[in-house]
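Numbering (this note's numbering), first residue to last: 14 to 418. The structure appears below as C-alpha cells.
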C-alpha cells in the first residue's frame, strides 16, 4: 500500500490524499485551497485518472463538507464515484444550492448524486477496505477513515478534535476500533497555533448564556454550518428565554431542519422552541423580549444591526480572519465588524477551534499506537516531531510517495 499527499503537507486546507495498491486506488478529500489575502482564488490541481485523462480511480471519499476538503468535487471525472456521509451530503446540497442561486457557481445536482456512507459500515474498493467512523468536528456528520489492505492499517483523521459536543466519546471509539495502526495520517491545523487558548463547546455555551443574561440584544457572527456552536447558542437562548432568530429561512433554516431530522440527541433538536426568521415584522417582539440573532455577513444582518445599535455582537470565528498581518485576513469580515462597531455594537469574541490541539493529537497517537505518524493540513508539521511523542513522525512533501511497510 502506498500513500501520496498531492497537496496539504505544509498548508492548511486544500488537502488531497491518495491510497493505492496494485489492485485499487482511492482519493481522500478533494479540497480547494483556502482563499487568503495573498491568494484570493483557489489554485486548480490536475490528477491523472481523477480530474483529467482516462478514469483510473475507484472512489473519492470526502470526510466532511467544508470547502477545503470538498470544494473541488466538481473537478472529479463524472465516471469516478464520490462518497460522503449521508447527512453531510444533505447539508452540502443546501450549501451548493445557495452558491448556485446567489453566485452562479454551485453544483447541487452533482452533490445529490454522491454515494453515501455511514459510521461503522465498511466500503470495499478492490483489495482496499474503508471503514468510516463518526468524529468530533465543527462540521456535522464528519468522519475519519480506517483503510485496510493486505494486513496493513492506515487511519486518516480528516479534521477532528476532542473538545466539542462529541469529544468525550472519541477516546473510547479509538480504543475499540483504531488501535495498532501502521500509519496515522493526522490533521495538524493547530500545530502552528499552540499558544491559542482552546475552550470546550460546553464552556462556550456557558459563556454565551452569561452574555445573553447581561445583554438584551445579542447578535452573533458564526459559520452557518458550525452546528455545535449554533446548538450551544440555541440552548443559551432557551435558558435566558430569548427569541432565537436566524437571518435566512431558505438557507440557515434548512440546515437546522436537516440536523434536527437526522439526530437522536436533544442537543441538536432545533424544534424544541420556535426559530424565528428575521424580518421587520419581528422588531416589536425583539424590542420587548430581547433576542439572540444568528447572523451572517449579509444585508439582513446589517439591517438588523442598524435597527438595534445598542447591542452586543459575538464574533464566533477564528481571529486570524481579522488580522491584517495574517495571510488569511478577510477584508469583508473585517469591514463587517468595523461597520457593526460604528453602528454602536459592542464586540466580543467567543469561539473555539474545530481542530485538535497538540495535546489531543498526542493522545490520538498514543491510543492508536501508530508506528508512523504523517501530519497534513498544517503550516508547521515539524512541530509534531518536537512534541516528545514516542511515535515515529514522517514529514512528507507534496507528491512524495510513502510505502506502508
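All C-beta atoms, glycine included, are put in the ideal place defined by N, C-alpha and C. These numbers were taken from a predicted model, which means no experiment stands behind them.
(message) Ignoring anything shorter than 3 residues, give me the beta strand (DSSP E) runs that lie fully in the segment 287-318, in order along the chain.
(response) As far as the segment 287-318 is concerned, its whole beta strand (DSSP E) runs of at least 3 residues are 288-290, 304-308.
(message) In this structure, how does DSSP classify residue 181 when only helix, strand and coil are distinguished?
(response) Residue mapping note: residue 181 aligns to position 168 of the chain shown, counting from 1. In the structure shown, residue 181 sits in a helix (DSSP, three-state: H, G or I).
(request) May I ask you to report which of helix, strand or coil DSSP gives residue 378? (result) For the purposes of this step, residue 378 is identified with residue 365 of the chain shown, where counting begins at 1. Three-state result, residue 378: helix.
(message) Tell me the DSSP secondary structure of residue 212 in three-state form.
(response) Looking up residue 212 in the chain shown gives position 199. Looking at residue 212 - three-state DSSP - the assignment turns out to be coil, as it is neither helix nor strand.
(message) Does the segment 68-83 come into contact with the segment 153-161, if we say contact requires no fewer than three beta-carbon pairs (one atom in each stretch) closer than 8 Å?
(response) yes
(message) Can you give me the C-alpha to C-alpha distance between residue 50 and residue 189, rounded to a whole angstrom?
(response) Counting from 1 along the chain shown, the entry for residue 50 is found at position 37. Counting from 1 along the chain shown, the entry for residue 189 is found at position 176. Unreliable placement is indicated for residue 50, whose pLDDT of 48 sits below 50; the coordinate value is still reported in the next sentence. Between residue 50 and residue 189, the C-alpha separation is close to 43 Å.
(message) Please list the terminal residues of the continuous alpha helix (DSSP H) segment that includes residue 109.
(response) Taking the first residue of the chain shown as position 1, residue 109 is located at position 96. 99-116 is the extent of the alpha helix (DSSP H) around residue 109.
(request) Output the distance between the C-alpha atoms of residue 333 and residue 239, rounded to the nearest integer angstrom. (result) What you label residue 333 is simply residue 320 of the chain shown in a count that begins at 1. What you label residue 239 is simply residue 226 of the chain shown in a count that begins at 1. Computed Cα separation, rounded: 17 Å.
(request) Output yes or no for whether 7 Å exceeds the beta carbon distance between residue 302 and residue 256. (result) Residue 302 sits at position 289 when you count from the first residue of the chain shown. Residue 256 sits at position 243 when you count from the first residue of the chain shown. Against a cut-off of 7 Å, the Cβ pair of residue 256 and residue 302 comes out as a contact.
(request) Could you tell me the distance, in whole angstroms, from the CA atom of residue 138 to the CA atom of residue 69? (result) Residue mapping note: residue 138 aligns to position 125 of the chain shown, counting from 1. Residue mapping note: residue 69 aligns to position 56 of the chain shown, counting from 1. Each residue's Cα considered, the two are about 12 Å apart.
(message) Is it the case that the segment 305-324 contacts the segment 244-263, given that we only count it when at least three CB pairs across the two stretches are under 8 Å?
(response) yes
(message) I need the straight-line Cα distance from residue 73 to residue 206, nearest angstrom please.
(response) Along the chain shown, read from residue 1 onward, the residue named residue 73 stands at position 60. Along the chain shown, read from residue 1 onward, the residue named residue 206 stands at position 193. Near 30 Å, if we compare the C-alpha coordinates of residue 206 and residue 73.
(request) With distances taken Cα to Cα, identify the nearest neighbour of residue 412 among 30, 25, 26. (result) Position 399 of the chain shown, counted from the start, is the residue given in the question as residue 412. With distances taken between Cα atoms, residue 412 lies closest to 30.
(request) Tell me whether the beta-carbon of residue 417 lies closer than 7 Å to the beta-carbon of residue 404. (result) On the chain shown, residue 417 is found 404 positions in, with the first residue counted as 1. On the chain shown, residue 404 is found 391 positions in, with the first residue counted as 1. Against a cut-off of 7 Å, the Cβ pair of residue 404 and residue 417 comes out as no contact.
(request) For residue 140, count neighbouring C-beta atoms within 10 Å of its own C-beta (all shown protein chains included) and say buried if the count is 16 or more, exposed if not. (result) In the chain shown, the residue the question calls residue 140 occupies position 127. With fewer than 16 other Cβ atoms within 10 Å, it is exposed.
(request) Please classify residue 109: is it buried, with 16 or more other beta-carbons within 10 angstroms of its beta-carbon, or exposed? (result) Along the chain shown, read from residue 1 onward, the residue named residue 109 stands at position 96. Classification for residue 109: buried.
(message) Check whether the segment 352-362 and the segment 314-321 are in contact - that is, three or more C-beta pairs closer than 8 Å.
(response) yes
(request) Indicate whether residue 105 and residue 128 have their beta-carbon atoms separated by less than 7 Å. (result) Within the chain shown, the letter at position 92 stands for residue 105. Within the chain shown, the letter at position 115 stands for residue 128. Contact: no.
(request) Within the segment 51-99, note down every full beta strand (DSSP E) run reaching 3 residues or more, in order along the chain. (result) 72-74, 95-98
(message) Considering just the uninterrupted stretch of the alpha helix (DSSP H) at residue 169, what are its terminal residues?
(response) In the chain shown, counting from the first residue as 1, residue 169 sits at position 156. Run containing residue 169: none in the alpha helix (DSSP H); it sits in the beta strand (DSSP E), 165-169.
(request) Taking all protein chains shown into account, decide if residue 44 is buried (16 or more other Cβ within 10 angstroms of its Cβ) or exposed. (result) The residue you call residue 44 lines up with position 31 of the chain shown. It counts as buried.
(message) Closer than 8 Å is the cut-off here; do at least three beta carbon pairs connect the segment 194-206 with the segment 363-373?
(response) yes
(request) Determine which residues share a DSSP beta bridge with residue 328 and list them. (result) Counted from its first residue, the chain shown places residue 328 at position 315. According to DSSP, residue 328 bridges with 234, 362.
(request) Starting from the Cα of residue 39, find the closest Cα among 160, 119, 166 and give me that residue. (result) For this step, residue 39 is matched to residue 26 along the chain shown. Of the candidates 160, 119, 166, the one whose C-alpha sits nearest the C-alpha of residue 39 is 160.
(message) Given this structure, state the Cα-to-Cα distance separating residue 8 from residue 125, to the nearest angstrom.
(response) The displayed coordinates of the chain run from 14 to 418. Any statement about residue 8 would go beyond what the structure contains.
(message) Here's a check: name, in chain order, each residue in its chain whose Cβ is nearer than 6 Å to the Cβ of residue 170, leaving out the five neighbours to either side.
(response) Counting from 1 along the chain shown, the entry for residue 170 is found at position 157. Exclusion of the five residues before and after residue 170 leaves 157, 199, 200 as the residues of its chain whose Cβ lies within less than 6 Å of its Cβ.
(request) With DSSP as the reference, label residue 11 as helix, strand or coil. (result) In the structure displayed, the chain extends from 14 to 418; residue 11 sits before or after that span and is not available.
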